[in-house]
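Notes to accompany the following structure.
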Amino acid sequence: MDKISIIVPVYNAEKYLPICLDSIVSQTYKNLQIILVDDGSTDKSSKICDTYAEADSRILTIHQENHGAVYARNIGIENAEGEYIAFADADDWLESNMIERLYKSLMINDADVSMCGRREDTGSTSISVNHGFLVGYYDKNKMIEEIYPNMIVNTSFFQWGIFPGLWDKLFKKELLKRMHADVDIRITMGDDALCIYPYLLKANSIYIY
41 MDKISIIVPV
51 YNAEKYLPIC
61 LDSIVSQTYK
71 NLQIILVDDG
81 STDKSSKICD
91 TYAEADSRIL
101 TIHQENHGAV
111 YARNIGIENA
121 EGEYIAFADA
131 DDWLESNMIE
141 RLYKSLMIND
151 ADVSMCGRRE
161 DTGSTSISVN
171 HGFLVGYYDK
181 NKMIEEIYPN
191 MIVNTSFFQW
201 GIFPGLWDKL
211 FKKELLKRMH
221 ADVDIRITMG
231 DDALCIYPYL
241 LKANSIYIY
């Protein structure tokens, strides 16, 4: 099995971080490198990261001064040993087979990126949200015809086209490194989209499930 690096930028997330990390370490896909980039947290997040790293040899914790999420992800990418990279925000939780399914979808179809739906938990409700495209494989021609014209907003579904989040996708590291390096570290809103959309323009194929 190929190694997959999961990068988690962490900043003052003590309330949600244990739930996030429990969902990552319990993934059915085991060959993981889990990189926690503590971006200058002032709460108990730093200690939580260290505690999990002590308990699981797959976890690497990096502590740094606060520079923002883009910089933190860059540090994670620089330290990634895996051929493939996934991301999680510190307040996310992953279904137990999420990484395995993303990996199998990517490998079986020889895709440059695989992506899944998501569930939004508001505390009182939990809503399943899918991508604004039909499940399946899209080669470059099909991407040009169907994905690119509706990549930001898919008017057929009246919703996002490709959701501009990093945390519901699995990427090939070499292509991701080039795309993410172009994102200005001063940007604090919309930075995911500035990486994802150029990546998809360079990708030759994607798989959506």
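Under the working numbering, the first residue of the sequence shown carries the number 41, and numbering increases by one thereafter.
We put the beta carbon where it would ideally sit given N, CA and C, even for glycine.
For clarity, every value in this text was computed on a predicted model and none was experimentally measured.
| Asked | Found |
| --- | --- |
| Span of the alpha helix (DSSP H), counted from its first residue to its last, around Met147 | Met138 to Ile148 |
| Proximity winner among Glu118, Asp131 and Tyr143, relative to Asn71 (alpha-carbon distances) | Tyr143 |
| DSSP bridge partner residues for Asp78 (one or two, in chain order) | Val50 and His103 |
| Identity of the residues DSSP links to Gly176 by a beta bridge | Ile248 |
| Cutoff 6 Å; reference Ile192; Cβ partners in own chain excluding five residues on either side | Gly201 |
| Ala151 beta carbon less than 8 Å from that of Ser245 | yes |
| Bridge-paired residues (DSSP) for Val93 | Checking the sequence shown, residue 93 turns out to be Ala, not Val. Per DSSP, none; premise fails for Ala93. |
| Nearest candidate by alpha-carbon position, reference Asp129, set Thr68, Gln104, Asp78 and Tyr178 | Asp78 |
| Where the alpha helix (DSSP H) through Leu134 begins and ends | Neither: Leu134 is in no alpha helix (DSSP H) and is coded neither H nor E. |
| Proximal residues to Ser145 (C-beta, below 6 Å), its chain only, five neighbours per side dropped | Ser154, Tyr247 and Tyr249 |
| Close-in-space but distant-in-sequence residues of the same chain around Lys87 (CB under 7 Å, 5 per side omitted) | none |
| Own chain, CB closer than 8 Å to Leu100, minus 5 neighbours either side, in chain order | Gln73, Ile74, Ile75, Leu76, Ala93 and Asn119 |
| Backbone CA spacing between Met219 and Gly230 [nearest angstrom] | 14 Å |
| Asp232 versus Tyr239: straight-line alpha-carbon distance, rounded | 11 Å |
| Euclidean distance between Cα positions of Cys156 and Glu140 | 12 Å |
| Proximity below 8 Å, CB of Ile115 to CB of Gln104 | yes |
| As assigned by DSSP and simplified to three states, the class of Lys182 | helix |
| When Ala53, His107 and Arg98 are compared against Ser66, the one with the closest alpha-carbon | Arg98 |
| Counted within 10 angstroms of its Cβ, other Cβ atoms place Ile47 as buried (16 or more) or exposed | buried |
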